Amino acid sequence: MREDGAGLRVGRIVEVEAYGGQEDRASHARPGRTRRNASMFGPPGHAYVYRVYGMHRCLNVVTGPDGAASAVLIRAVEPVVGIELMRVARLERALASRRPDRLDPAAAGHRLAAIPVHRLAAGPALVAAALSVDLADGGGDLLDPARSLRLEPALPAGPPVQVVVGRRVGVASAGEPWASVAWRFAVAGSPSLSKPLLPGS
DNA sequence: AGTTGGATGGTCT
DNA sequence: GACCATCCAACTG
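Going left to right, the first sequence walks through residues 5 to 205 as the working numbering numbers them.
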């Protein structure tokens with residue numbers, strides 16, 4: 005969730021990927037500690053935020069003990085509270101990009117208004133955009149209730165969910181077994197997944 | 001409905 | 001100089 009001057013944004017995490025640490029050839033931790041991945045090597049429960057493809061940001065939760073550099077990438081979130089704030093945040097980030105096709109604010113706003121709620125954060129960079137996650141959030145304690153960006157326990161009394169597993173996305177060049185290990189986890193049938201995850205893939 | 005290619009910049013070889 | 005833990009518009013059929 006994100007709580008700031010504009011209000012409250014809450015999303016339910018429906019898709020994640022696990023990254024194992026330095027031995028995981030698909031992990032940013034593979035080359036060892038660098039300035040970019042430093043927060044991965046920090047304490048668990050803190051954020052690791054990185055930039056991909058020069059324009060997008062992605063949010064991870066550090067999971068392993070201090071120094072282990074394992075983490076979980078938040079790949080998709082189902083918007084629950086603050087839908088319009090998420091839409092505004094998506095628009096802000098789209099306009100911040102200098103892509104020619106996104107330069108017209110009116111057109112961009114119109115396109116964004118047409119996106120169904122359940123697709124607003126259906127991808128790792130979309131999660132970061134909808135929650136205004138920036139590199140400055142990296143290293144922050146996601147379990148600190150005083151922080152703007154934080155994790156909360158799942159709502160109690162929800163119906164039990166079925167979890168589906170599959171290969172991680174975009175790591176084909178990592179080599180085996182890292183490219184094929186089933187470390188992508190998703191809520192079965194969620195309409196907010198970054199891409200479908202069928203049982204047995 | 002599925003495929004393709006462009007945007008964009010830090011990081012590592 | 002190449003490579004990306006991506007997204008989306010513009011194609012094809």
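Where is the CB? At the ideal position from N, CA and C, for every residue including glycine. A quick note: this is a predicted structure, and the numbers were derived from the prediction, not measured.
Within the DSSP bridge table, the entry for F189 names V20, V169 as partners. DSSP places H60 in the uninterrupted beta strand (DSSP E) bounded by 60–66.
Closest in alpha carbon position to V76, among M90, A51, L95, is A51. With fewer than 16 other CB atoms across the displayed protein chains lying within 10 angstroms of its CB, H114 is exposed. In this structure the stretch 160–171 does not touch the stretch 55–74; the number of beta carbon pairs closer than 8 Å is below three. Between R94 and A129, the CB-CB gap reaches or exceeds 8 Å. Excluding five sequence positions before and after L146, the CB atoms of its chain that fall closer than 7 Å to its own CB belong to G49, H50, A51, V65, L153, R154, L155, given in chain order. Of all C-beta pairs linking the stretch 71–87 to the stretch 6–20, three or more are shorter than 8 Å, placing the two stretches in contact. Around the Cβ of E21, a 10 Å sphere holds 16 or more other Cβ atoms; the residue is buried.
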